[in-house]
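Read the structure below first, then the notes.
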Amino acid sequence: MDHFLYRDGQLGSENGPVSLSAQDVGTPVYIYSKATLLTHYQRIADAFAPLNPLLCYSIKSCGNVNLVRLLVNAGSGMDVTSGGELYRALKAGCDPQKIFFAGVGKTDKEITEALTASRGGEFQHSAFSIQNSSGIGWFNIESEEEFWNLDKIAGKLGKTPNAALRVNPDIENKSQTHAKTFTGKKETKFGVDIDRAAAFYRAAAKAQHARLNALHLHIGSPIKITAPYVDAITKGLALIDELAADGILINTLDIGGGFAAFYEGTEAPSAADYAAAIVPLLQSRAAAGLKIILEPGRSISANAGILLSTVQYTKQGGAKKFIIADAAMNDLIRPTLYESYHFIWPAAAATPPNRTSTLRTDNDEKVDVVGPICESGDYLAKDRYLPPTHRGDLLAIFSAGAYGMAMASNYNARPRAAEVLVDGDSYTLIRKRETYEDLLRGE
Ligand code: LLP
Numbered sequence: 024m025d026h027f028l029y030r031d032g033q034l035g036s037e038n039g040p041v042s043l044s045a046q047d048v049g050t051p052v053y054i055y056s057k058a059t060l061l062t063h064y065q066r067i068a069d070a071f072a073p074l075n076p077l078l079c080y081s082i083k084s085c086g087n088v089n090l091v092r093l094l095v096n097a098g099s100g101m102d103v104t105s106g107g108e109l110y111r112a113l114k115a116g117c118d119p120q121k122i123f124f125a126g127v128g129k130t131d132k133e134i135t136e137a138l139t140a141s142r143g144g145e146f147q148h149s150a151f152s153i154q155n156s157s158g159i160g161w162f163n164i165e166s167e168e169e170f171w172n173l174d175k176i177a178g179k180l181g182k183t184p185n186a187a188l189r190v191n192p193d194i195e196n197k198s199q200t201h202a203k204t205f206t207g208k209k210e211t212k213f214g215v216d217i218d219r220a221a222a223f224y225r226a227a228a229k230a231q232h233a234r235l236n237a238l239h240l241h242i243g244s245p246i247k248i249t250a251p252y253v254d255a256i257t258k259g260l261a262l263i264d265e266l267a268a269d270g271i272l273i274n275t276l277d278i279g280g281g282f283a284a285f286y287e288g289t290e291a292p293s294a295a296d297y298a299a300a301i302v303p304l305l306q307s308r309a310a311a312g313l314k315i316i317l318e319p320g321r322s323i324s325a326n327a328g329i330l331l332s333t334v335q336y337t338k339q340g341g342a343k344k345f346i347i348a349d350a351a352m353n354d355l356i357r358p359t360l361y362e363s364y365h366f367i368w369p370a371a372a373a374t375p376p377n378r379t380s381t382l383r384t385d386n387d388e389k390v391d392v393v394g395p396i397c398e399s400g401d402y403l404a405k406d407r408y409l410p411p412t413h414r415g416d417l418l419a420i421f422s423a424g425a426y427g428m429a430m431a432s433n434y435n436a437r438p439r440a441a442e443v444l445v446d447g448d449s450y451t452l453i454r455k456r457e458t459y460e461d462l463l464r465g466e
């Protein structure tokens, strides 16, 4: 699952104790394991190898440029959803042609940047450099207006971009994904209804510049069972065949992201399980030339990171015991936003028998782990059984690599946490803790 393991009563990240980085860098701090990040990437790449796909890591899940660079060097492309994410991907050295730009509200500025992106990360401005920039691999199209706007801007710049229509396959939420992160049903803001898609492709075939030659599906996150992928891909392939009969060729199918990660231990299908359900649907198509793209985010980054926090105080409030940590909802908003579960355990403790939400051990105490922010929604765990915990103890909040730092804010004027990357027995500060001056920059 990850390389955050207890040895001799101490939590280690790869070959060193996590307390070392806490001493040097302070808390709260996100600690990432290089080995875990790359192992999870490689498992997906290996499992789907029969399709010879392009993996476009979903940079929104965890976008530190130093981590993204590791994935780029492992061969990954990038799924981006804003000009800022595009900039990060390019700065990490990603080949623009391996970038897929999703999102319902791309501005003219962002579209122009993506059309003129080139390796190395600067957007192009002179006529010469615009002409010689490759631009990104694909634009994800989420509405008719967006497609025609892309066509217009591409025309002005003399570009002929590839575009994928994001189709909303209108499938049931069989995996009970949180309502805020399920996207595969009609009447979410994403994509175009599947019953309107064929007409959309036919109209777009008349475009002068943009080429609508790809299909994109992303049904939500996390999808903890394989059936919704089978449902969505089956509908997508039927659409591709219907279009082929009309002479409209779809050469690329992006099946999106959403593979689950391990928060409790065994709840997610493995990469091999997902592949066992998906590869047979696509193998003959891929062999016949259909390019397959995947956009995994969480399944690569979630288990690669923990959030380390120091207990400030403990107190009793009615029947409740509170552990007041120095990490808060501004550092990790998932528990309060989605009622998400993150396993929490002291960094100096015996190895926890497992990471499940029902874990009980000798002498444990029922507690709420909360932060210092002025909201009762500021919690990291509720009604959790922890070993006796005291002021000064370090607490590890596990499986926090995805949508942790990526969703952090400065609420309550809290400087955002530092980030550390562990590689074997060495560790590197990959993002400084913000300072008070950082908070006021630009004001
Ligand atoms: N592709 C598209 C178009 C997406 O919108 C997303 C995630 C992904 C790929 C990657 O999904 P993943 O493989 O990471 O599941 N903040 C929420 C998750 C929001 C997901 C947004 N889109 C959370 O913390 O659970």
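Quick note: the sequence shown uses my numbering, first residue 24, plus one each step.
C-beta atoms are modelled at their ideal positions from N, C-alpha and C, and glycine is treated no differently.
Would you say residue 343 touches the ligand LLP, meaning its beta carbon is less than 7 Å from a heavy atom?
no
Going by beta-carbon coordinates alone, are residue 27 and residue 421 separated by less than 8 Å?
yes
Residue 52 and residue 58 - do their beta-carbons sit closer together than 8 Å?
no
Please classify residue 107 as buried or exposed, where buried requires at least 16 other C-beta atoms within 10 Å of its C-beta.
exposed
Do residue 232 and residue 187 have their beta-carbon atoms positioned less than 8 Å apart in this structure?
no
State the Cα-Cα distance for the pair residue 462 and residue 130, rounded to the nearest angstrom.
27 Å
What is the C-beta distance between residue 345 and residue 319, in whole angstroms, given that I count them as a contact (C-beta under 8 Å)?
Not a contact, Cβ separation roughly 36 Å.
For a quick check, are the C-beta atoms of residue 347 and residue 335 less than 8 Å apart?
yes
Nearest candidate by alpha-carbon position, reference residue 65, set 41, 181, 99 and 84
99
Determine, using beta-carbon pairs with one atom in the segment 289–298 and one in the segment 67–86, whether at least three such pairs fall under 8 Å.
yes
Taking the continuous alpha helix (DSSP H) assigned at residue 442, which residues delimit it?
Per DSSP, residue 442 belongs to no alpha helix (DSSP H); it is in the beta strand (DSSP E), 441–446.
Are residue 289 and residue 415 touching if we call contact CB-CB under 8 Å?
no
Comparing C-alpha positions only, which one of 150, 142, 169 and 172 sits nearest to residue 158?
142
Unbroken alpha helix (DSSP H) run spanning residue 66, endpoints
57–70
When DSSP labels each residue in this structure, what does residue 152 get in the three-state scheme?
helix
What span of residues does the alpha helix (DSSP H) with residue 321 cover, start to end?
321–324
For residue 264, count neighbouring Cβ atoms within 10 angstroms of its own Cβ and tell me buried if that reaches 16, exposed if not.
exposed
Can you list, in chain order, the residues of its chain whose CB lies under 6 Å from that of residue 172, leaving out five sequence neighbours each side?
none
Could you give the distance in angstroms between the alpha-carbon of residue 139 and the alpha-carbon of residue 405?
48 Å
With a floor of 4 residues, list each alpha helix (DSSP H) that falls wholly inside the segment 161–186, ordered by position along the chain.
167–180
Under DSSP, the alpha helix (DSSP H) around residue 118 begins and ends at which residues?
Careful: residue 118 lies outside any alpha helix (DSSP H) and carries neither H nor E.
Cβ atoms of residue 194 and residue 251: under 8 Å apart, would you say?
yes
Could you have a look at residue 101 and say whether DSSP puts it in helix, strand or coil?
strand
Given this structure, state the Cα-to-Cα distance separating residue 102 from residue 453, to the nearest angstrom.
22 Å
Does the beta-carbon of residue 381, which I'm using as the reference point, lie nearer than 7 Å to any heavy atom of the ligand LLP?
no
Sequence-distant residues of its chain with Cβ nearer than 8 Å to residue 181 (five each side left out):
153 and 154
Using the rule of at least 16 other Cβ atoms within 10 Å of the residue's Cβ for burial, across every protein chain shown, is residue 276 buried or exposed?
buried
Pop quiz: residue 539 and residue 371 are said to be a contact at Cβ under 8 Å. What is the actual Cβ separation, rounded to whole angstroms?
Not covered by the structure: residue 539. The range shown for the chain is 24 to 466.
Contact set for residue 257: own chain, Cβ-Cβ below 8 Å, skip 5 residues either direction
304
Can you tell me whether DSSP reads residue 96 as helix, strand or coil?
helix
Just to confirm, is the Cβ distance from residue 302 to residue 239 under 8 Å?
no
Three-pair Cβ contact test at 8 Å for the segment 383–402 versus the segment 29–49:
no
Going by beta-carbon coordinates alone, are residue 60 and residue 244 separated by less than 8 Å?
no
Taking the C-alpha atoms as reference points, what is the distance between residue 228 and residue 236?
9 Å
If you count every other CB in all the chains shown that lies within 10 Å of the CB of residue 216, and 16 or more means buried, which is it?
exposed
Residue 37 and residue 443 closer than 8 Å at C-beta
no
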